[in-house]
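One structure below.
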């Protein structure tokens with residue numbers, strides 16, 4: 064069953080997806096403006112449930128790829144995302160039934176909507192991360208052992224690339240990242256096509272609904288002049304990790320990623336303590352006074368303490384008053400295979416995963 068995604072839900076989706084992005088996925092502001100413009104021009108997007116897909120339907124899995132800081136500097140054109148889908152269809156020789164997000168985090172939650180508005184396809188209420196992650200092998204589809212090729216990539220200079228085959232998910236990440244870096248560390252991609260059966264079996268379902276409802280909670284709390292951070296914690300069954308002021312940011316764009324750390328000086332109940340948040344596009348591990356206290360795959364979210372808005376790794380800056388919160392991860396990410404793919408060791412930290420919700 065198809066349901067029209069109403070224009071009034073765009074802001075809520077963007078707000079919630081920015082929180083679920085855990086610092087990455089790209090700031091959704093420009094994508095929100097693009098989607099609103101497409102709606103103003105008469106386009107409409109319909110959303111379908113994964114269970115309504117036929118087993119042999121083909122589903123396009125789309126995302127922007129690159130370093131979040133570059134994505135802030137390069138204005139987005141929805142036609143590039145649509146072209147990545149068309150390029151994949153040309154290669155496969157058959158059309159896609161629907162389009163879905165690679166990740167529900169940040170701007171990439173809106174990527175399928177931009178392509179769908181131009182191509183007239185529905186968007187599937189699912190993704191394969193339940194958040195945002197920086198690398199190709201960090202998905203539920205990879206955890207499920209599904210194929211990682213082919214992949215199409217389109218940039219703003221009219222370059223188009225298809226990776227027809229890769230030996231493994233990590234090799235697909237290396238190859239596509241090298242291409243993305245070569246074209247300026249920002250590109251539109253259509254990942255390995257998925258069948259309806261694969262989406263039903265291995266997709267993380269209802270994440271568009273999850274993001275929209277989370278965003279609505281924040282917007283309604285602001286309108287009531289309530290504490291939006293408390294509203295997020297209550298709605299998403301999260302935990303507050305730290306509250307303080309940003310006192311240092313070390314950030315570098317390298318190899319197609321944004322890497323670094325930010326240091327937070329505690330206030331209120333955390334006064335006298337320091338929290339360091341390490342990131343690779345997304346927040347990965349939180350160290351309190353040098354000891355790890357929270358880590359991926361738990362969702363580490365940095366929120367403005369007043370507005371409840373998410374703060375991305377590309378936009379965090381000195382002086383911001385922030386709250387660090389953790390939200391529960393999708394179940395598949397906390398399995399042994401999931402932790403191997405997206406736990407702290409996948410980011411280079413010799414730490415055993417310990418959830419704050421255990």
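Residue numbers (our numbering): 64 to 421.
No residue lacks a Cβ here, since even glycine has one placed at the ideal position from N, Cα and C.
Being a predicted model, the structure only gives us computed values, none of them experimental.
query                                                                                                                                          : result
Of the listed residues 193, 189, 293 and 156, nearest to residue 391 (C-alpha basis)                                                           : 193
Supposed contact pair residue 243 and residue 124 - C-beta distance, whole angstroms, cut 8 angstroms                                          : Not really, about 16 angstroms apart at Cβ, beyond 8 angstroms.
Between the CA atoms of residue 235 and residue 199 - distance to the nearest angstrom                                                         : 7 angstroms
Close Cβ partners of residue 288 (< 6 angstroms) along its chain, the five nearest in sequence each way excluded                               : none
Cβ-Cβ distance between residue 178 and residue 185 below 8 angstroms                                                                           : no
Identity of the residue in 84, 105, 97 and 91 nearest residue 67 by Cα                                                                         : 105
Residues near residue 419 by beta carbon distance below 8 angstroms, same chain, minus five either side                                        : 302, 304, 356, 357, 361 and 389
Backbone CA spacing between residue 294 and residue 369 [nearest angstrom]                                                                     : 12 angstroms
Contacts around residue 226, its chain only, beta-carbon distance under 7 angstroms, and the 5 residues preceding and following it disregarded : 212, 213, 214, 235, 238 and 239
Cβ shell of residue 299 (< 7 angstroms), same chain only, five flanking positions each side left out                                           : 277 and 390
Residue interval of the alpha helix (DSSP H) (run including residue 176)                                                                       : 174-182
Inter-residue Cα distance where the pair is residue 95 and residue 232                                                                         : 31 angstroms
Terminal residues of the alpha helix (DSSP H) in which residue 306 lies                                                                        : Premise fails: residue 306 lies in the beta strand (DSSP E), 302-317, not in any alpha helix (DSSP H).
3-residue-minimum beta strand (DSSP E) runs that sit fully inside the segment 336-394, ordered along the chain                                 : 337-343, 345-351, 354-358, 362-367 and 384-390
Cβ shell of residue 381 (< 8 angstroms), same chain only, five flanking positions each side left out                                           : 309, 310, 311 and 312
Stretch pair the segment 147-157 + the segment 108-117: three plus CB contacts closer than 8 angstroms                                         : no
Proximity to residue 263 [Cα-Cα], best of 189, 325 and 147                                                                                     : 189
Helix, strand or coil at residue 237 [DSSP, three-state]                                                                                       : helix
Test item: CB-CB of residue 128 and residue 250 under 8 angstroms                                                                              : yes
Close Cβ partners of residue 134 (< 6 angstroms) along its chain, the five nearest in sequence each way excluded                               : 89 and 249
Closest residue to residue 408 among 387, 359, 373 and 395 (Cα-Cα distance)                                                                    : 359
Separation of residue 405 from residue 191, as counted between CA atoms                                                                        : 12 angstroms
8 angstroms Cβ cutoff met for residue 196 and residue 166                                                                                      : yes
Residue 70 versus residue 98: straight-line alpha-carbon distance, rounded                                                                     : 9 angstroms
Inside the segment 89-163 only - alpha helix (DSSP H) runs reaching at least 4 residues                                                        : 92-103, 131-136 and 141-155
Backbone CA spacing between residue 76 and residue 102 [nearest angstrom]                                                                      : 15 angstroms
Span of the beta strand (DSSP E), counted from its first residue to its last, around residue 70                                                : Neither: residue 70 is in no beta strand (DSSP E) and is coded neither H nor E.
Backbone CA spacing between residue 296 and residue 207 [nearest angstrom]                                                                     : 30 angstroms
Coarse secondary structure for residue 268, derived from DSSP in three states                                                                  : strand
Under 8 angstroms between C-beta atoms of residue 267 and residue 203                                                                          : yes
Identity of the residue in 74, 73 and 78 nearest residue 367 by Cα                                                                             : 78
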